[in-house]
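A short worksheet on the structure shown next.
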Amino acid sequence: MYILNAWYVAAWSSEVTREPARRVICEIPVVLYRTEGGEAVALEDRCPHRGYPLSPGRLVGDNIECGYHGFTFDGSGTCVRVPAQDIIPKQAFVRSFPIVEKDGWVWLWTGQKELADVSKVPDTHWMSDPAWVTVTHSIPFACRAELIHDNLLDLTHESFIHTSTVGDDYIYKHGITVEVDGDVVSADRLMPGVVAPPLYARTMATEGLYDGFHCTVFYPPGYLLLHSGITAQGRPREEGYLIKVMNGITPIDAHNSWYYYAFSRNFGTDQHWATEELITGLATVLEEDKAALEWQEIGLQSRPYDVRDSLIAQDAGVAKARKVMERLLAAEKQ
Amino acid sequence: MQLVLRQPAARDSGDESTGVVVAASPDTFGREQWQWDVLVTDALGGFEVTVAHNPELIHVVEERIDIAPTYEAMREAEELWLLVVVEREIAHGQFRLEAGDVAVWEGEDPIRIRLDAVDGLAFVRLVRITRRDGKAARWVP
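Taken in order, these protein sequences are the chains called A and B. Quick note, the first sequence lines up with residues 1 to 334 if you use this note's numbering. Quick note, the second sequence lines up with residues 1001 to 1141 if you use this note's numbering.
The following block contains the structure:
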């Protein structure tokens, strides 16, 4: 069960080329390619003739030709050629999906076309803002998307899973403020008088104590924006070293997800060594999360159906996000 | 720990005419024995607050507070405070809370809470929840 009337990150712009690429989003197979004019196209990756995926086929101009019997479809999904006969069967069409390319990501709308509102594609401008430097990764996680939402809305796990990079005991020792505004849930933690996280300390060129903060904002169902950083004690956050982490979480199926990750910083932007260090360090962070959440997925799959999580106050953001997701899912079923 | 619930974000109680449950313990039905819940109804003349609780487990104190222009009080460590803005607007730290918005405070440290009426006067309903066994009251058990 997925919320389908939503924008999900389908790929990096750089992954959509003249070579058809397959993705599965909410169990829907999708083929992505680019027209000769550079426009991105997203079609259902299944030929209506016999169900063969279109992605192993080839592009003919702006159209895609099925690799099995040559049925050919234009960018709207209309069949324009059946090689073995002149008449094109009425039912020979594939579904096309609204897509938006922005700041390096390709967003795809999985629901009813008429409801696709481009203005609802989340803000990711830091990825293309020259005042910020961005490190990116994308990793398939063998876990349900909700576990990644939970992970990002409850950052106390950093104290235990990411001890060498971004973790410290001071995280779980500080409480959170959770705010629910419409469908958007945020979990904010201020950590006064702490040292910079190990992964960033050298890049930030800091010593001594600062006010640390992080605030995860969940835009359901597939995007979480993390505002993080340190600032001089007692000073406003906007004066500090700032980090924006954009997390596109796209369900593949009930037990697998794509994690599209972009980490933008406004400090040490001309220090290439720092970027290299972050590429490696953040890959470690993601691999640590991947390992943990895949273990959690295994644990949940063997857990009896009637056993529930024992949530604590630090899970308030998690609990509220789950409720919003339940509400959105129920609304879509009606 | 602090929770801010904006007016349209509250959970639907299933019957719009009876308002919405803005906080409850347990937060998920069937998890454990029911303790309390707070219902907010948008009524003529402001928002109305209805508290239901299990008296064997929970003690509740409700009060209407006229904030003119400031209210300050200490939330003790074991207490859970739930505040509903009935009419007008208040400021609490970085937050502006309008009529129908809800704030919840709980946690292991006592907190001094200060509320300011944005236009000099505002009306709120404060619900103070404690457990009879002396343990700290929670909104996410």
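Cβ atoms here follow ideal geometry from the backbone N, Cα and C, with glycine treated the same way.
Quick test of your reading: residue i and residue j, contact by CB under 8 Å. State the CB separation rounded to the nearest angstrom.
i: A/Thr-35; j: A/Gly-75; result: 6 Å
i: B/Glu-1089; j: B/Ala-1122; result: 6 Å
i: A/Leu-153; j: A/Thr-216; result: 5 Å
May I ask you to list the residues that DSSP assigns as paired with residue i?
i: B/Ile-1113; result: B/Ala-1073
i: A/Ala-11; result: A/Val-106
i: A/Trp-258; result: A/Pro-140 and A/Thr-250
i: B/Trp-1105; result: B/Gln-1002 and B/Trp-1081
i: A/Arg-212; result: It should be pointed out that residue 212 of chain A corresponds to Gly in this sequence rather than to Arg. Partner(s): A/Met-191 and A/Ile-230.
i: B/Ala-1023; result: B/Val-1038
i: A/Lys-244; result: A/His-227 and A/Ser-264
i: A/Asn-63; result: A/Val-60
i: A/Cys-79; result: A/Phe-73
i: A/Asp-181; result: A/Val-184
i: A/Val-133; result: A/Arg-265
State buried or exposed for residue i, treating a residue as buried only when at least 16 other CB atoms are found within 10 Å of its CB.
i: A/Met-1; result: exposed
i: A/Tyr-305; result: exposed
i: B/Gln-1035; result: buried
i: B/Gln-1007; result: buried
i: A/Asp-274; result: Note on identity: in this sequence residue 274 of chain A is Ala, with Asp being the wrong assignment. It is buried - the Cβ of A/Ala-274 has at least 16 other Cβ atoms within 10 Å.
i: A/Thr-280; result: exposed
i: A/Glu-65; result: buried
i: A/His-119; result: First, the residue type needs correcting, since residue 119 of chain A is Ser and not His in the sequence shown. That one is exposed.
i: B/Arg-1011; result: Note that B/Arg-1011 has pLDDT 47, beneath the 50 cutoff, so the model's placement of it is unreliable and the number below is only indicative. So B/Arg-1011 ends up on the buried side.
i: B/Asp-1133; result: exposed
i: A/Ile-87; result: exposed
i: B/Pro-1110; result: exposed
Under 9 Å, do residue i and residue j count as touching if we go by C-beta distance?
i: A/Ala-11; j: A/Leu-32; result: yes
i: A/Leu-190; j: A/Gly-212; result: yes
i: A/Ser-310; j: A/Arg-144; result: no
i: A/Leu-293; j: A/Leu-147; result: yes
i: A/His-137; j: A/Leu-300; result: no
i: A/Gln-91; j: A/Pro-48; result: yes
i: A/Ser-264; j: A/Lys-244; result: yes
i: B/Val-1104; j: B/Leu-1082; result: yes
i: A/Pro-197; j: A/Gly-234; result: no
i: A/Tyr-210; j: A/Gly-240; result: yes
i: B/Arg-1064; j: B/Val-1020; result: no
Are any of the Cβ atoms in chain B nearer than 9 Å to that of residue i?
i: A/Gly-212; result: no
i: A/Ile-171; result: no
i: A/Thr-156; result: no
i: A/Gly-229; result: no
i: A/Leu-4; result: no
i: A/Ala-21; result: no
Does residue i come within less than 9 Å of chain A when only Cβ atoms are used?
i: B/Gln-1002; result: yes
i: B/Val-1127; result: no
i: B/Trp-1139; result: yes
i: B/Arg-1011; result: Low local confidence applies: a pLDDT of 47 at B/Arg-1011 is under 50, so the model's placement there is unreliable, with the coordinate-based value given in what follows. Output row for B/Arg-1011: interface = yes.
i: B/Phe-1095; result: yes
i: B/Trp-1036; result: no
i: B/Gln-1100; result: Looking at the sequence provided, one finds Gly at residue 1100 of chain B rather than Gln. Taking Cβ atoms only, chain A never reaches closer than 9 Å to B/Gly-1100, which makes this a no.
i: B/Arg-1006; result: yes
i: B/Glu-1106; result: yes
i: B/Val-1124; result: no
Please tell me whether, using a cut-off of 8 Å, the distance from the CB of residue i to the nearest non-hydrogen atom of the ligand ZN is below it.
i: A/Gln-233; result: Among the components modelled here there is no ligand, and therefore nothing to report on the ligand ZN.
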